[in-house]
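Here's the structure we're looking at; comments come further down.
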Amino acid sequence: MKRPLLIAAAAGAYLVAAWMVAPGFYDGFGPTQPYNWVCPPPIAGANSGVSASSGHLVINVIDGTSDANTAFTADGQMSVSFLPGAFQAAGKTHVTVDITPVSPCPNSPDLHFATNVYQVTADAPLIQVPPTTTQCQPACVAMLYSAISPAPSFVYLAASPNGPWKNIGGTENQLLVIRADTNQLGYFVAGYPANAVNKNSPASSQLLPIAVAVLIVGVLIAGIPLAILRRRAAGNVDEESDEEDDPEVTPRT
């Protein structure tokens with residue numbers, strides 16, 4: 286295989302892997318930003334002294350319809366995005382939303398929490414979308430989780446920090462971020478059932494980028510001896526050509 290083909294294959298493998306794990310793959314293989322815990326686990330180490338942040342947002346209301354907007358904490362660990370008209374805001378000029386990390390930390394015997402618990406409040410209720418409709422929910426919750434703990438399976442919602450906790454689903458289209466739609470505000474946390482075997486460990490979530498990096502390096506290394514052999518072969522051809530171009534020396538009689 287020619288060297289340009291090897292380089293093209295490596296580039297193609299990189300692009301495929303980048304597409305599958307974007308956008309986190311583009312950030313390289315360095316350590317991720319430490320998670321700011323309210324109640325840090327022992328494995329958090331030196332980051333245990335960093336406090337989680339809160340968030341505040343004022344959403345404009347025009348003719349009874351609230352604007353689309355996103356509330357998020359200052360550290361970016363929790364956000365709630367609202368569709369246009371997400372709130373029942375008749376007679377209001379704005380809606381205020383607050384996100385607060387909960388302390389002391391709630392616990393549940395039925396769940397393993399992989400993030401902080403956050404309380405999301407607003408001075409207007411969300412619209413209620415019938416469960417049979419195909420319309421999106423009025424709000425979407427996005428929660429960043431730590432790379433040092435097992436990845437959560439779902440986002441959970443409760444009216445009280447003591448539960449009961451309701452599974453509202455969970456999808457991941459960004460590295461270390463889990464999302465879920467909701468038509469209610471309250472207490473949110475990401476985690477997985479206590480009796481579940483969580484296969485989304487921090488190590489396994491990084492296997493694909495590492496494997497692709499090894500593949501790329503292997504392809505490039507494999508191309509080195511081929512390039513050396515081609516260069517040597519080209520050198521030999523040049524030497525033979527020089528010998529043929531030299532005039533014959535006729536011996537004197």
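Last residue of the sequence shown: number 538 in this note's numbering, and the count goes up by one each step with no gaps. Don't be surprised by glycine CBs; every beta carbon is placed ideally from N, CA and C. The structure presented is a predicted model; accordingly, all values stated were derived computationally and were not measured.
- Of P415, P327, P391 and N480, the smallest CA-CA separation from Q404 is found for P391.
- According to the DSSP assignment, L461 belongs to no beta strand (DSSP E), since it is labelled neither H nor E.
- Counting other Cβ atoms within 10 Å of its Cβ, I328 stays below 16 and is therefore classed as exposed.
- For T467, the number of other beta carbons within 10 angstroms of its own is at least 16, and it is reported as buried.
- The beta carbon of A475 sits closer than 8 Å to those of F398, A399, T400, M428, Y430, P437, F439, V440, Y441, G455 and I463, all from its chain and outside the five residues before and after it, given in chain order.
- Counting along the chain, the unbroken beta strand (DSSP E) around F398 starts and ends at L396 to F398.
- Around the C-beta of Q413, fewer than 16 other C-beta atoms lie within 10 Å, and the residue is accordingly described as exposed.
- For C425, the uninterrupted beta strand (DSSP E) segment begins and ends at A424 to L429.
- About 6 Å separates the Cβ atoms of L411 and Q469, confirming a contact at the 8 Å cut-off.
- Note: D383 is bridge-paired with H341 and T406 in the DSSP secondary-structure output.
- In terms of Cβ geometry, I384 and F367 do not form a close pair [threshold 8 Å].
- S364 and N458 have their C-alpha atoms roughly 15 Å apart.
- The beta-bridge partner set that DSSP reports for G476 consists of F398 and F439.
- Around T350, the same chain offers G370 as residues with beta carbons nearer than 6 Å, after the five sequence neighbours per side are excluded.
- By the neighbour-count criterion, in which 16 or more other beta carbons inside 10 Å mark a residue as buried, T358 falls on the buried side.
- The beta carbon of A375 sits closer than 8 Å to the beta carbons of G349 from its chain, once the five residues preceding and following it are set aside; these are given in chain order.
- In the three-state reduction of the DSSP assignment, A329 falls in the helix class, which pools H, G and I.
- Per DSSP, the beta-bridge partners of A356 are V365.
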